[in-house]
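Protein sequence lines, in the order shown, are assigned to chains A and B.
The numbering used here puts the first residue of the first sequence at 1, with every later residue one more than the last.
The numbering used here puts the first residue of the second sequence at 330, with every later residue one more than the last.
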Amino acid sequence: MSSAATPAAPRAARRRDWRRRGDRFGDAALYAICAAAALLGAAVLILIAYEVVEGARPAIDKFGLSFVTGSEWKPTEQFNVFGAGSLLYGTLLSSFFALLLGAPIAISIGLFLSMLAPKAVRNVVSPLVEMLAAIPTVILGFWGVLILAPFVKSTIEPALHDTVGFIPLFGEPQTTGLSVFTASLILTIMIIPIISSVSRDLFMSVPRDMQDGASALGATRWEVIRGVVLPTTASGVVAASLLGLGRALGEAIAVAQVIGAGSEINIDLFKTGDTLAARIASQFPGALTELHQASLYYCAVLLLVIGVAANLIASWIGRRFSYAGGQVR
Amino acid sequence: MSSTLGSGGFGDRPRAYDPAAPLTPTGNLRRRQIFSKFTEYLATAAAIGAIAVLVIVIYAVVQHGIDAISWDFITKSAPEGVAPALVGSAVIVGIATLIATPLGVLIALYLNEYAGRRAASFVSLTMDVMNGLPAIIVGLFFFTFMVNQKGTLGLGQAGWIAGLALSIIMVPLIARGTQGVLRLIPKSQSEAADALGVARWRTVLSVILPSALGGILTVTILSIARAAGETAPLLLLTSNGDISRVVLNPFEALASGPTRIYTLSEEANPAGFTEAWGLSLLFISFILFASLGARALLARSKRKTSS
Chain A
1 MSSAATPAAP RAARRRDWRR RGDRFGDAAL YAICAAAALL GAAVLILIAY EVVEGARPAI
61 DKFGLSFVTG SEWKPTEQFN VFGAGSLLYG TLLSSFFALL LGAPIAISIG LFLSMLAPKA
121 VRNVVSPLVE MLAAIPTVIL GFWGVLILAP FVKSTIEPAL HDTVGFIPLF GEPQTTGLSV
181 FTASLILTIM IIPIISSVSR DLFMSVPRDM QDGASALGAT RWEVIRGVVL PTTASGVVAA
241 SLLGLGRALG EAIAVAQVIG AGSEINIDLF KTGDTLAARI ASQFPGALTE LHQASLYYCA
301 VLLLVIGVAA NLIASWIGRR FSYAGGQVR
Chain B
330 MSSTLGSGGF GDRPRAYDPA APLTPTGNLR RRQIFSKFTE YLATAAAIGA IAVLVIVIYA
390 VVQHGIDAIS WDFITKSAPE GVAPALVGSA VIVGIATLIA TPLGVLIALY LNEYAGRRAA
450 SFVSLTMDVM NGLPAIIVGL FFFTFMVNQK GTLGLGQAGW IAGLALSIIM VPLIARGTQG
510 VLRLIPKSQS EAADALGVAR WRTVLSVILP SALGGILTVT ILSIARAAGE TAPLLLLTSN
570 GDISRVVLNP FEALASGPTR IYTLSEEANP AGFTEAWGLS LLFISFILFA SLGARALLAR
630 SKRKTSS
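1) Residues of the region 603–620 of chain B in Cβ contact with chain C at a cutoff of 7 Å, in chain order, please.
2) Consider the Cβ of MET204 (chain A): report whether some Cβ of chain B lies at a distance smaller than 9 Å.
3) Please name the residue or residues paired with TRP73 (chain A) in a DSSP beta bridge.
4) For TRP606 (chain B) versus VAL420 (chain B), is the C-beta distance shorter than 9 Å?
5) What are the boundary residues of the alpha helix (DSSP H) that includes THR176 (chain A)?
6) Give me the chain A residues within the contact set of TRP489 (chain B), using Cβ-Cβ distance strictly less than 8 Å, ordered along the chain.
7) Could you tell me which uninterrupted alpha helix (DSSP H) segments, each at least 4 residues in length, are contained entirely in the region 549–587 of chain B, listed from first to last along the chain?
8) Against chain B, with Cβ distances strictly below 9 Å, would ALA324 (chain A) count as a contact?
9) Could you tell me the alpha carbon to alpha carbon distance between THR76 (chain A) and LEU288 (chain A), rounded to whole angstroms?
10) Using a cut-off of 7 Å between C-beta atoms, extract the partners of ASN80 (chain A) located in chain B.
11) Between which two residues does the alpha helix (DSSP H) containing GLY445 (chain B) stretch?
12) Which residues of the region 450–463 of chain B have a Cβ closer than 9 Å to any Cβ of chain A? Give them in chain order.
13) Do GLN257 (chain A) and GLU520 (chain B) come within 9 Å of each other at the CB atom, strictly closer than that value?
14) Residues of chain B with a CB under 7 Å from the CB of ARG221 (chain A): which are they?
15) How is ASN311 (chain A) classed by DSSP in three states: helix, strand or coil?
16) Do you know how far the Cα of SER66 (chain A) is from the Cα of LEU611 (chain B)?
17) Using beta carbons (cut-off 9 Å, strictly below), is GLN257 (chain A) in contact with chain B?
18) Starting from the beta carbon of VAL500 (chain B), find every residue of chain A whose beta carbon is closer than 8 Å, and list them in chain order.
19) Compute the beta-carbon to beta-carbon distance between THR272 (chain A) and GLY260 (chain A), rounded to the nearest angstrom, for a pair I have assumed lies under 8 Å.
20) Can you list the residues of chain A that ARG529 (chain B) reaches, using a CB-CB cut of under 7 Å?
21) Taking only beta-carbon atoms, is VAL416 (chain B) less than 9 Å away from chain A?
22) Expressed to the nearest angstrom, what Euclidean distance is found between the alpha-carbon atoms of ALA133 (chain A) and ILE436 (chain B)?
23) Which of helix, strand or coil does DSSP assign to PRO10 (chain A)?
24) Out of curiosity, what's the CA-to-CA distance linking ALA240 (chain A) and ALA314 (chain A)?
25) Given that VAL125 (chain A) touches chain B, what residues does it touch there, using C-beta distances under 8 Å?
26) Would you say the region 368–384 of chain B touches the region 121–133 of chain A, given that touching needs at least three Cβ pairs under 8 Å?
27) To be precise: take each residue of the region 272–285 of chain A, compare its Cβ to all Cβ atoms of chain B, and keep it if any distance is under 7 Å. Which residues remain?
28) Measure the Cβ-Cβ separation of GLU290 (chain A) and PRO58 (chain A) and say whether it is below 9 Å.
29) Return helix, strand or coil for ILE194 (chain A), following the three-state DSSP convention.
30) For ILE147 (chain A), tell me which candidate among B:ARG360, B:ILE613, B:GLY570, B:PHE602 has the shortest Cα-Cα distance.
31) Among B:MET475, B:SER573, B:PHE367, B:ASP396, whose alpha-carbon lies nearest the alpha-carbon of ALA600 (chain B)?
32) Assign TYR370 (chain B) to one of two classes, buried (16 or more other C-beta atoms within 10 Å of its C-beta) or exposed (fewer than that).
33) Compute the distance between the beta-carbons of THR220 (chain A) and ARG361 (chain B), then report whether it is under 9 Å.
34) Following the continuous alpha helix (DSSP H) through THR127 (chain A), name the residue where it begins and the one where it ends.
35) For PRO285 (chain A), which of B:ILE465, B:ALA414, B:LYS405 has the nearest alpha-carbon?
36) Please list the terminal residues of the continuous alpha helix (DSSP H) segment that includes GLN478 (chain B).
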């Protein structure tokens, strides 16, 4: 009451009022900007899906679902027939083989880093393994063409054929070394760092008490891993593997370089093949006809469906079953 | 249990006394321990194998690329050098970084400061999907949407569109990384600000962001290293870049390192391989130094904040 008489008080009150109004505006603005950024991400995703499906429209109209099963791919004017069967097969074969090869190695690396390596070793080895993911895929592919493929042809193919040749996957050695097998090896190199860094974090989040408890009951280190660490993190490890699979499915450049662009469905890994993503990368810039381009968009639609499914399942598993908040990084 | 003890322990013929005997594992335990050791060796071998692959790849790139590297190679245009590709890559990645960093940081802020549980899980799902989006599809989208003359906007190939495409790849990386950095900031700091009656946006701008700045920088460098080597989108969006002169204008098609390496490797002309190896060496060394440096920085700042 008495303070109202002095002239300073109304000014202070007004200033406070302004400030409060400003704060309210600032809060709302920052909230709006942040929310808009988040929404923009979702909008872009929807737009991407829409444009790709739109681009594929002519091919979807013409071939329908038979595009998925047919494996004829003749882009020249006179034939103009397209089918992604062999590409779908090549995509799945190369990626799953890479996962088969890469996941056990990557999980072992995760175990090594989280449970066996002393801190000093871990601090050196983990960034080095993650460096593998930092190598640009185009350089990995270039290395694959010039160095890995000749080595595969001269050494690995004959060796595998001689020892486990009774499995139809490992047929007669071929002439160039450009093959589904080589592509799988490149993909393996790409997915190992992804899976291993996620699984390392998972393993490190397993409570010490549980491991110590198992040890106190006389379990050896392997038995602790087998009985405590792996079961508690199994869902996260599966999610990590799916994440790696998603990466392998979508890789275009490195695969296009080393897979040899074949169009047949072969069980033999040493023959050439092609994947959806690689076919888009290698043929889209020089597409011959409308329909050719639309078919490549159709491939992109298939890839989008498979890739997004792998990622969604991974993040669903990660959320649903996570013991220790199985989160990437 | 007691019967085996009775028959084995006392009754039979006496042996020479060995004080270490009870401590030496035998039988089943011995087998279990050997198996455990064996798996440990396997895990170690896996780690060594991964590093060996890294060393082999880098060694090959250095061995073949070192001959190509010279001052002219870096500073001149084709046919002597690759300057246009380097400058083009820098422009494209620069644009991508300018777009992606603010967006990524804002999304992370939204997730950490504002979003309720459902909104947060929706947005992080979006980020997951974006992160898993094949790069070639991002490129295809921008080709249809902006580049293709018959498409929606029909702008033709341009460096800035490639930058936009790379920013789509960088945003989820930056958002995820920044989120991790923000989580490391002690809650007590923003609580102290709240207690003083500071508005939320002031807290964000003057307390949270300054203490996260180092981490955000690191995250940005890491995602730059990732984007610099990305090829697939560039192949569709800016493949017609002129390699005979340095172009700075992002509204033209720009040459870039990755597309150049790809073209050279597809041409299968041994003369071009030297150039490709040289470019690979330049890119790999930039990427390795950038990401190792950034990681070291991150580790240091983590130690600082946690202690």
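Idealized CB from N, CA, C, for every residue including glycine.
Taking the definition as stated:
1) No chain C is present in this structure, whose protein chains are A and B.
2) In the first sequence, counting from the first residue as 1, residue 204 (chain A) sits at position 204. So, not an interface residue.
3) Looking up residue 73 (chain A) in the first sequence gives position 73. BP columns for TRP73 (chain A) point to A:PHE82.
4) Along the second sequence, one-based indexing puts residue 606 (chain B) at 277. Along the second sequence, one-based indexing puts residue 420 (chain B) at 91. Not closer than 9 Å, so no.
5) Mapped onto the first sequence, residue 176 (chain A) falls at position 176. Neither: THR176 (chain A) is in no alpha helix (DSSP H) and is coded neither H nor E.
6) The sequence position of residue 489 (chain B) within the second sequence is 160, counting from 1. Neighbours of TRP489 (chain B) on chain A: none; closest Cβ ~16 Å, over 8 Å.
7) 561–566
8) To locate residue 324 (chain A), count along the first sequence from 1; it is residue 324. Because the pLDDT of ALA324 (chain A) is 45, which lies under 50, any placement of that residue in the model is unreliable, and the number read from its coordinates should be weighed accordingly. It does not: the Cβ of ALA324 (chain A) has no partner Cβ on chain B nearer than 9 Å.
9) Here residue 76 (chain A) refers to the residue found at position 76 of the first sequence. Here residue 288 (chain A) refers to the residue found at position 288 of the first sequence. Taking the straight line joining both Cα atoms gives about 7 Å.
10) As a first step, residue 80 (chain A) is located in the first sequence; it is residue number 80 there, counting from the start. By Cβ distance, chain B contributes nothing, its closest Cβ being about 19 Å from ASN80 (chain A), past 7 Å.
11) Residue mapping note: residue 445 (chain B) aligns to position 116 of the second sequence, counting from 1. Element bounds for GLY445 (chain B): n/a, residue is neither H nor E.
12) SER450, PHE451, VAL452, SER453, LEU454, THR455, MET456, ASP457, VAL458, MET459, ASN460, GLY461, LEU462, PRO463
13) As a working mapping, residue 520 (chain B) is identified with position 191 in the second sequence. As a working mapping, residue 257 (chain A) is identified with position 257 in the first sequence. No, the Cβ-Cβ distance between GLU520 (chain B) and GLN257 (chain A) is not below 9 Å.
14) Here residue 221 (chain A) corresponds to residue number 221 of the first sequence, with the count starting at 1. Result: SER365, GLU369.
15) Translated into positions along the first sequence, residue 311 (chain A) becomes position 311. Looking at ASN311 (chain A) - three-state DSSP - the assignment turns out to be helix.
16) Locating residue 611 (chain B) in the second sequence gives position 282, where the first residue counts as 1. Locating residue 66 (chain A) in the first sequence gives position 66, where the first residue counts as 1. Going by the C-alpha atoms only, they are around 46 Å apart.
17) Along the first sequence, read from residue 1 onward, the residue named residue 257 (chain A) stands at position 257. Judged by the 9 Å Cβ criterion, GLN257 (chain A) is in contact with chain B.
18) If you number the second sequence from 1, residue 500 (chain B) lands on position 171. The answer, in chain order, is GLY41.
19) One-based indexing of the first sequence puts residue 272 (chain A) at position 272. One-based indexing of the first sequence puts residue 260 (chain A) at position 260. Contact holds; Cβ gap of about 3 Å.
20) Within the second sequence, the letter at position 200 stands for residue 529 (chain B). Going along chain A in sequence order, the residues near ARG529 (chain B) (Cβ under 7 Å) are ASP27.
21) The residue labelled residue 416 (chain B) in the question sits at position 87 within the second sequence. So, not an interface residue.
22) If you number the first sequence from 1, residue 133 (chain A) lands on position 133. If you number the second sequence from 1, residue 436 (chain B) lands on position 107. About 25 Å.
23) One-based indexing of the first sequence puts residue 10 (chain A) at position 10. Helix at PRO10 (chain A).
24) Locating residue 240 (chain A) in the first sequence gives position 240, counting from the first residue. Locating residue 314 (chain A) in the first sequence gives position 314, counting from the first residue. Each residue's alpha carbon lies about 7 Å from the other.
25) Numbered from 1 along the first sequence, position 125 holds the residue referred to as residue 125 (chain A). Ordered by position in chain B, the residues that pass the 8 Å Cβ test against VAL125 (chain A) are ALA376, ILE380.
26) yes
27) ALA277, ILE280, ALA281, PHE284, PRO285
28) In the first sequence, the residue the question calls residue 290 (chain A) occupies position 290. In the first sequence, the residue the question calls residue 58 (chain A) occupies position 58. Yes, the pair counts as a contact, with Cβ atoms nearer than the cut-off.
29) On the first sequence, position 194 is the one that residue 194 (chain A) refers to. If DSSP states are grouped into helix, strand and coil, ILE194 (chain A) belongs with the helices.
30) Numbered from its first residue, the first sequence carries residue 147 (chain A) at position 147. Among B:ARG360, B:ILE613, B:GLY570, B:PHE602, the Cα nearest to that of ILE147 (chain A) belongs to B:PHE602.
31) Taking the first residue of the second sequence as 1, we reach residue 600 (chain B) at position 271. It is B:ASP396 whose Cα lies nearest to the Cα of ALA600 (chain B).
32) Position 41 of the second sequence holds residue 370 (chain B). Counting Cβ neighbours within 10 Å, TYR370 (chain B) comes out exposed, since fewer than 16 surround it.
33) In the first sequence, the residue the question calls residue 220 (chain A) occupies position 220. In the second sequence, the residue the question calls residue 361 (chain B) occupies position 32. In this structure, ARG361 (chain B) lies closer than 9 Å to THR220 (chain A) by Cβ.
34) Sequence index remark: in the first sequence, residue 127 (chain A) carries index 127 (1-based). In the sequence under discussion, the amino acid at residue 127 (chain A) is Pro, which differs from the Thr named in the question. Per DSSP, PRO127 (chain A) belongs to the alpha helix (DSSP H) from 119–134.
35) Mapped onto the first sequence, residue 285 (chain A) falls at position 285. The shortest Cα separation from PRO285 (chain A) among B:ILE465, B:ALA414, B:LYS405 belongs to B:ILE465.
36) Translated into the one-based positions of the second sequence, residue 478 (chain B) becomes position 149. Per DSSP, GLN478 (chain B) belongs to no alpha helix (DSSP H) and is neither H nor E.
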